[in-house]
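Per the UniProt record's numbering, residue 1 is the first one in the sequence shown, and the count goes up by one each step.
To start, the structure under review is shown below, and the notes come after it.
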Amino acid sequence: MSAPTGTATAPAAREEAPERDCPDALVARVLAGELGPDPRTLRITMAFTTRQAVRHDGRRGGYRNEVLGLRLGSAVGSCAVEPGELPDGTADDCVGADVAGLLRHPLRPVAVAALDAYLMHTTPHTPENGAVPHALPAGSSLERSRARAVAVTDLLALPPGRTVLVVGVVNSLLEQLRSRGLRYVACDLKGGTTEWGEPVVTDALAELDRCDAVLASGMTLGNGTFEPLRAHALRTGKRLVMFAQTGSAVLPRFLGAGVSAVCAEPYPFFWLDGGPGVIHRYGSAEAAQ
């Protein structure tokens, strides 16, 4: 399989970055002012939650999303949460707070959104930082979901017959995997079934050994399940591809240290309107050949 167009490897300087050791080490470097301005001097000017309920035409089921957004200058950092998970007043607590304090916040989603905002501010999604833009067409919510699914699954670069652990069930991604002759294990903390009636498992780590690659949502950053996935990919050499609304500026920092590729989608997300948009892809599929 040839490598997809519109992907790139992050610059060499970032490949050697020590923050790739783990997410906690990345936070420590930000707090030390090693990756940009002192986060104690930067304040969040706006905090908000975005709530969505959707049922695409032709699909038998629907779902809900809730995302915490923190604005720092022109950048917005995001972290998805389970609907209703955030306490009332979380957004109010974040407004006017300095980034350093929010990086130490006891609620993990707040800390992740603050880290994402800081890195979006200091290292935006540009070609100089290793990102390659990928256009999403205008269209219905389902059309745009399917277009994003193509861009994400291209990064797997797997031949038919392989098995992918999908952490964070998105039916358009499963549909795209099926069309490519790829098997999958669907995993989501909510459980349930897929659009095709397949059971959704809830323990991703229990399924890793029987899968050839992992396709995971950035939401794993917010719920604490990212690091075990990254550690498994490091240990086994399996391909780990992240599709990231949560932590879109965070996950590219782990390219070459467990993460193989990232499809980064900063706010505003594809499901917020029907106009054309752009996502950003990091990492070359050639490594899978």
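Don't be surprised by glycine CBs; every beta carbon is placed ideally from N, CA and C.
**Message:** Rounded to the nearest angstrom, what separates threonine 7 and cysteine 263 at their Cα positions?
**Reply:** With a pLDDT of only 36 at threonine 7, under 50, the local geometry of the prediction cannot be trusted, and the value read off the model is given with reservation. The alpha-carbon atoms of threonine 7 and cysteine 263 are separated by roughly 9 Å.
**Message:** If you reduce the DSSP assignment to three classes, tell me which class leucine 51 lands in.
**Reply:** A small fix is needed here, since residue 51 is arginine in this sequence, not leucine. It is a strand residue.
**Prompt:** Quick one: any contact between the region 232–247 and the region 122–132, if contact means 3 or more CB pairs under 8 Å?
**Reply:** Contact fails: fewer than three Cβ-Cβ distances are below 8 Å.
**Message:** On the DSSP letters alone, give me the boundaries of the beta strand (DSSP E) that arginine 239 sits inside.
**Reply:** Here the beta strand (DSSP E) through arginine 239 covers 239–244.
**Asked** In three-state terms, what does DSSP make of leucine 215?
**Response** strand
**Prompt:** Got a sec, what are the start and stop residues for the beta strand (DSSP E) serine 172 sits in?
**Reply:** Where serine 172 is concerned, there is no enclosing beta strand (DSSP E), although the alpha helix (DSSP H) it sits in stretches over 171–179.
**Item:** Nearest residue (CA-CA) to leucine 107, options Arg144, Pro252, Arg239, Gly224
**Value:** Gly224
**Item:** Extent of the continuous alpha helix (DSSP H) run through tyrosine 267
**Value:** Neither: tyrosine 267 is in no alpha helix (DSSP H) and is coded neither H nor E.
**Item:** Environment of lysine 238 [buried if 16+ CB atoms lie within 10 Å]
**Value:** buried
**Message:** Three Cβ pairs or more, each shorter than 8 Å: is that satisfied between the region 158–169 and the region 110–125?
**Reply:** no
**First through last residue of the alpha helix (DSSP H) which encompasses threonine 41** = For threonine 41, no alpha helix (DSSP H) segment is defined, and its DSSP state is neither H nor E.
**Item:** Cβ shell of valine 166 (< 6 Å), same chain only, five flanking positions each side left out
**Value:** So the list reads Tyr184, Ala186, Leu215, once near-sequence residues are dropped.
**Request:** Take threonine 5 and list the residues in its own chain whose beta-carbon comes closer than 7 Å to its own, dropping the five residues that flank it on each side.
**Result:** Residue confidence is low: threonine 5 scores 33 on pLDDT, short of 50, so the model does not pin down where it sits. No coordinate-derived value is stated.
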